[in-house]
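Data first, discussion second: the structure below is written as structure tokens.
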Amino acid sequence: AARARSRAPRPAPDDDVLLDAPDDRLAPALVAAARGEHGPAAGLLAGTRENAEWDHRDRYATRLAAFARSRSEWLDTWRAAAPDDPDALLVAARLTVHRHWGSPARAELLRPVLPSLAAAAAAAGPADPVPWRTALDAARGARAGHAEFERLWEQAVRRSPHHYGSHVAALEYLAAASPDAHGECLDFAETAAQDAPEDALVRALPLHAALTCRTPAALRAHRPRLDAAADRAIALSA
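Just so we're aligned, residue 511 is where the sequence shown starts under our numbering, counting upward by one.
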């Protein structure tokens, strides 16, 4: 997926998702969580797991974890009531990464928890890539080496070869490895998009890569590819 070097990670893995307004499925879960009730969140995530809605599952878990960062009572109650619930464990894992990401000691905080996140991902459903995406983000934050990241990446794509979140995590890892990896980032994103089904969210990955590569040097070297990524995103959203 990428070559690892000791570079500072890019912005938090939740940033893109948090720009989106809650949809009709997520909003009731957030309202209930504000009242300290975990039932709607549990039902929402269970549904995404049972129906293999991996992109939705990833987004909803991330939003719920972000909410739990400031108001965690509902999650604490959920985990106490169902300590082995894979959906509660997913939100808790995402919350761990979210809490550590903003610290100046991010790598030092994430490095010791990475093995437990990977173990939790392995213990989750055999088809679920989302816990592995969380482990991938933790690996980036911990400045894990290429071999370790590649091992996590293989587990994620084995479960869902076109999962958007896992590809975003790999793209961000590649970008963090080198400030000059614009061509590699675009190659990775374009290949992922070309290989994906027509309705897969990962077909928009080149736009994410273009935004990641928004530097004067990248504009000079790759302007046609960056423009094509924007055009692709417009076409997909039409």
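For each residue, glycine too, the CB sits at the ideal point set by N, CA and C. These figures come from a predicted structure and were not determined experimentally.
- Between S670 and the set L540, G557, E563, G546, the nearest pair of CA atoms involves E563.
- CA-CA distance, A556 to L646, rounds to 22 Å.
- Here the alpha carbons of T587 and A691 stand approximately 44 Å from one another.
- Comparing alpha-carbon positions, the option among H673, Q704, A592, S626 lying closest to A603 turns out to be S626.
- Excluding its 5 nearest sequence neighbours in each direction, R579 has C-beta neighbours in its own chain below 8 Å: L605, H608, R609, listed in chain order.
- Burial is judged here by how many other beta carbons sit within 10 angstroms of a residue's own beta carbon; P641 has at least 16 and is buried.
- Judged by DSSP secondary structure, R604 falls within the alpha helix (DSSP H) whose first and last residues are 596 to 611.
- If you look at E547, you'll find it isn't in any alpha helix (DSSP H); DSSP assigns it neither H nor E.
- Annotated as distal: Y683 and R661, with beta-carbon spacing of 8 Å or more.
- Note on G546: under 16 other CB atoms within 10 angstroms of its CB, so exposed under the neighbour-count rule.
- The three-state secondary structure of G651, taken from DSSP, is helix.
- For H566, the enclosing alpha helix (DSSP H) starts and ends at 564 to 580.
- With distances taken between CA atoms, A719 lies nearest to R735 out of R735, L620, D705, P707.
- In this structure, A551 lies near A543, with their beta-carbon atoms less than 8 Å apart.
- The beta carbons of R643 and H672 sit no closer together than 8 Å.
- Non-local beta-carbon contacts of R742 in its own chain, meaning distances under 8 Å to residues more than five positions away in sequence, involve A703, R713, A714, P716, L717 in chain order.
- Collapsing the DSSP output to three states places H673 in coil.
- Collapsing the DSSP output to three states places S626 in a helix.
- Membership of E694 in the alpha helix (DSSP H) is indicated by the continuous run 692 to 705.
- In the structure shown, R668 adopts helical secondary structure according to DSSP, grouped into three states.
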